[in-house]
Amino acid sequence: MITADQVVASLLAVAGVSSLIASWLSFTKPVEKPVKVMLFVGYFWLSAFLQLLLLAAIYYAWQHF
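Counting with our numbering, you get residues 484 to 548 for the letters of the sequence shown.
In structure tokens:
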């Protein structure tokens with residue numbers, strides 16, 4: 484059984500990894516600062532949703548197989 488502490492830790496890990504990925508992808512581009520901020524937000528949410536989708540698929544597979 485998954486506890487609330489494990490869920491919170493997983494969501495914080497997803498947010499941390501998404502922040503690292505987004506900053507690496509957006510701040511290495513030679514564009515103006517407002518564009519970098521918008522790229523960061525876009526990459527952050529894209530990375531977060533992909534990670535959550537992956538975690539949901541792993542959880543589903545763990546429960547059914």
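Every residue gets a Cβ at the ideal spot worked out from N, C-alpha and C, and that includes glycine. Note that this is a predicted model, so its numbers are computed, not measured.
Item: Under the three-state reduction of DSSP, which class applies to I485: helix, strand or coil?; Value: coil
Item: Which class does Y523 belong to by DSSP, given the choice of helix, strand or coil?; Value: The question names Tyr, but residue 523 is Phe in the sequence shown. Helix at F523.
Item: By the three-class DSSP mapping on this structure, what secondary structure does F510 have?; Value: coil
Item: Which residues in the same chain as A531 place their Cβ atom closer than 8 Å to its Cβ, once the five residues preceding and following it in sequence are excluded?; Value: V497, A498 and S501
Item: Hey, how far is the Cα of Y543 from the Cα of L537?; Value: 10 Å
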